[in-house]
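Only one structure is covered here, and it is reproduced in the block below.
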Amino acid sequence: MAENQAVQAKNQATELRELPTVACEVDIFESGDGYLLRADLPGVARNDVDIQFERGELTLKARREYQVTGEPLASEFGGVLYKRSFRFPESVDAGQIHAELKAGVLTLTLPKSPEVRPRKIAIQGR
Amino acid sequence: MMLRLHSNSDPWREFRTLQHQMDEVFRGLLPEVGRRVTYPNNGPAFNVADTGASYVIEAELPGLSEGDLAIEATVNSLTIKGARKPDAHEGYAVHRRERGNLAFARSFGFEGRLDLENVKATLNDGVLRLEVTKQPEAQPRQISIKSA
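Residue numbers (this note's numbering), protein chains in the order written: chain A, 23 to 148; chain B, 11 to 158.
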């Protein structure tokens, strides 16, 4: 039984190694309130996305399996392991990061902590 | 290439050989079945497969909805056109822009005739999947051998 599990674990590891690692295409925008990141992850299910944020470093990992049906005539994509990482200024409020996956596009909003957001300063008149 | 006209009893044989060779040359220039016919600049990736009874065409189209796509089919070809609407970001500064607008048109030619009444198209998680059934005469048939 234990041997079986070991074999299974090994197979999974091999499978992981076999998927080519690809950098997904990303857009990053910034406003006064925070950052907005969009990444193209076609065919990736929500459970296969792993997002980590640690000390200003955002790491994105996503995985897609692909099974060919029939005899391939043209083959331009397959299984893939998407991987990207970015550094953000310390001002990102890590607890408020929000992620959404829709139609194969991941949208991440990373708000800035309130103390670094720009404030409009009103000039007092007499 | 030299023509050896004297070689055989059939004087047209050499011409047929030459014609055949010329056909081979031109065939090499023409698109293969299921391969790219139009070359867009770095458009989305497509897969095409022959399942025997049907053709399956898949494409990576993140961020596109049904309304952004136009699919046209004839008995022996399929054209998929689409464009991703640019995301409007007013008041945002751009740090990185790699995703682009994704406007494309791809055509595929097929050997077997397509049954245009039997086309299934789905768009899930940014992947388009089209399954087009072949007309019955284009489907492979199993021939059983009867023992005497």
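Just so you know, even glycine gets a beta-carbon here, dropped at the ideal spot from N, CA and C.
These figures come from a predicted structure and were not determined experimentally.
- Contact annotation for B/F56 against chain A: A96 and E98 [CB-CB distance below 7 Å, chain order].
- Within the stretch 105-120 of chain B, those residues whose Cβ lies closer than 7 Å to any Cβ of chain A are, in chain order, H105, R106, R107, E108 and R109.
- Chain B places no beta carbon closer than 8 Å to that of A/G78, leaving this residue out of the contacts.
- Between the stretch 123-142 of chain B and the stretch 64-78 of chain B, the count of Cβ pairs shorter than 8 Å is three or higher; the stretches touch.
- Using a 10 angstroms sphere on the CB of A/V127, the tally of other CB atoms reaches 16 or more, which defines it as buried.
- Collapsing the DSSP output to three states places B/H105 in a strand.
- The continuous beta strand (DSSP E) containing A/E93 extends over residues E93 to S97.
- Chain A places a beta carbon closer than 8 Å to that of B/T61, counting this residue as a contact.
- Among the residues facing chain A, B/A148 is not included, as its CB has no counterpart in that chain under 8 Å away.
- The straight-line gap separating the alpha-carbon atoms of A/C46 and B/K156 is approximately 56 Å.
- When rounded, the separation of the alpha-carbon atoms in B/M32 and A/P94 is 28 Å.
- The beta carbon of A/S113 sits closer than 7 Å to those of K134, S135 and V138, all from its chain and outside the five residues before and after it, given in chain order.
- When DSSP states are grouped into helix, strand and coil, A/L63 belongs to the coil group.
- Around the beta carbon of B/I153, fewer than 16 other beta carbons lie within 10 angstroms, which makes this residue exposed.
- Taking the CA atoms as reference points, B/H30 sits about 40 Å from B/G92.
- Two segments are said to touch when three or more pairs of C-beta atoms, one from each, lie closer than 8 Å; by this definition the stretch 101-108 of chain B touches the stretch 48-64 of chain A.
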